[in-house]
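Heads up, the sequence shown is in the working numbering, so the first residue is 264 and it goes up one at a time.
We treat Cβ as the ideally placed atom computed from N, Cα and C, and that holds for glycine.
Have a look at the structure below, then the notes.
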Amino acid sequence: AQAVLPDGTLVHDFLFAESARSLHVCNAPSPAATSAMPIGEYICDKVDEKVVVKVV
Numbered sequence: 264a265q266a267v268l269p270d271g272t273l274v275h276d277f278l279f280a281e282s283a284r285s286l287h288v289c290n291a292p293s294p295a296a297t298s299a300m301p302i303g304e305y306i307c308d309k310v311d312e313k314v315v316v317k318v319v
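Here it is as structure tokens:
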């Protein structure tokens, strides 16, 4: 299945949906393995932005 935006436009690439506590990778094309490392790096960067570690 392919993602469709609210205006009816087809999504032709990865679609990231974020909330305060989650990050979803939607519309991952097949085969997505060719972009696994860059997507993994992007996800790690996004998680780093969200996570706040308190050092006591």
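Proximity below 8 Å, CB of residue i to CB of residue j
i	j	result
V314	I302	no
F277	A291	yes
Assigned secondary structure, residue i (DSSP; H/G/I helix, E/B strand, else coil)
i	result
A264	coil
V288	strand
Beta-bridge partners of residue i, as assigned by DSSP
i	result
A280	H287
Of the residues the options, the one placed nearest residue i, counting alpha carbons only
i	options	result
A264	S293, E312 and M300	S293
Cβ-based neighbour list, residue i, same chain, cut-off 7 Å, excluding 5 preceding and 5 following
i	result
L273	Q265 and V267
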